[in-house]
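Reviewing the structure listed below.
Dropping the structure here:
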């Protein structure tokens, strides 16, 4: 296991974790529903918000419910291979129809075929795809500047940070990019996860408890912090033929605001 992402297989990651051709699994559906609830409850005027997706990986899934409230979306990602996938999606070279349909039709209960309009709108509003590094003093590496109305980050901080202390500082760094007052953050963080699998590679993660996760947002000075935890069923340790993908215990979704 390592944190060397040179072997990261973006296509395998999408197939393993974000393939909704047969509908979303219960844990994935709960995650998508929670993200939709965040944007509904955020009191953002339509078409108004400057949104940063930080450490977005090779997909735009958490942004689907953000689109009606966004004026501009910046997508920041550490790995070039992941940025390339998102760039190809924005340019219409690849599609994610199953997940757009899942969110727009089944979770938001919109009319059939509205998912195509949502995808087109997200492409229009996704103005920049830039590199980032949460371990740098400037996480956006000079490619963009705050303040942002909303920062969205999912399953990134615990994977990128080498220790709990680094995780705590990562939340502070992102919080400093938010508008004050009024800035909001939504973050998904794995609970007590030490590894996940992509292709033939296992990648290390810093295990964090719910208390650790909350501590980061308290340290960052947010006025309001709400945690929702989606618990994952615990399978066996796996076999040589079918290794366990991850030891994640759950996914904690944080709503935080100034």
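In the numbering used here, the protein residues as written are 6 to 263.
Glycine is no exception: its CB is placed at the ideal position from the N, C-alpha and C atoms.
Starting from residue i, follow its DSSP beta bridges and name the residues at the other end.
{"i": "residue 249", "result": "Per DSSP, none; premise fails for residue 249."}
{"i": "residue 195", "result": "256"}
{"i": "residue 233", "result": "258"}
{"i": "residue 153", "result": "183"}
{"i": "residue 55", "result": "77"}
{"i": "residue 201", "result": "208, 251"}
{"i": "residue 159", "result": "193"}
Using a Cβ-Cβ cut-off of 6 Å (strictly less than) and excluding sequence neighbours within five positions of residue i, which residues of its own chain qualify?
{"i": "residue 157", "result": "58, 67, 191"}
{"i": "residue 164", "result": "210"}
So for residue i, helix, strand or coil by DSSP?
{"i": "residue 185", "result": "coil"}
{"i": "residue 78", "result": "strand"}
{"i": "residue 206", "result": "strand"}
{"i": "residue 214", "result": "coil"}
{"i": "residue 12", "result": "helix"}
{"i": "residue 139", "result": "coil"}
{"i": "residue 131", "result": "strand"}
{"i": "residue 225", "result": "coil"}
{"i": "residue 24", "result": "coil"}
{"i": "residue 114", "result": "coil"}
{"i": "residue 31", "result": "helix"}
Considering only the beta carbon of each residue, do residue i and residue j sit closer than 9 Å?
{"i": "residue 268", "j": "residue 70", "result": "Residue 268 lies beyond the stretch modelled for the chain, which goes from 6 to 263, so this question has no answer here."}
{"i": "residue 87", "j": "residue 12", "result": "no"}
{"i": "residue 74", "j": "residue 47", "result": "yes"}
{"i": "residue 162", "j": "residue 176", "result": "yes"}
{"i": "residue 123", "j": "residue 72", "result": "yes"}
{"i": "residue 77", "j": "residue 55", "result": "yes"}
{"i": "residue 159", "j": "residue 61", "result": "yes"}
{"i": "residue 232", "j": "residue 259", "result": "yes"}
{"i": "residue 198", "j": "residue 249", "result": "no"}
Ordered along the chain, which non-local residues of its own chain (more than five positions away) have a Cβ less than 7 Å from that of residue i?
{"i": "residue 35", "result": "235"}
{"i": "residue 40", "result": "67, 70, 191"}
{"i": "residue 252", "result": "198, 199, 200"}
Using a Cβ-Cβ cut-off of 8 Å (strictly less than) and excluding sequence neighbours within five positions of residue i, which residues of its own chain qualify?
{"i": "residue 223", "result": "230"}
Open item on the list: Check whether the stretch 191-208 and the stretch 140-152 are in contact - that is, three or more C-beta pairs closer than 8 Å.
Closed with: Contact fails: fewer than three Cβ-Cβ distances are below 8 Å.
- [ ] Tell me, please, whether the stretch 164-181 touches the stretch 129-141 by the rule of three or more beta-carbon pairs shorter than 8 Å.
- [x] Contact holds: three or more Cβ-Cβ distances are below 8 Å.
Open item on the list: Pairs of beta-carbons, one from the stretch 123-137 and one from the stretch 179-190, closer than 8 Å: are there three or more?
Closed with: As far as the Cβ criterion goes, the stretch 123-137 does not touch the stretch 179-190, which means the pair count is below three.
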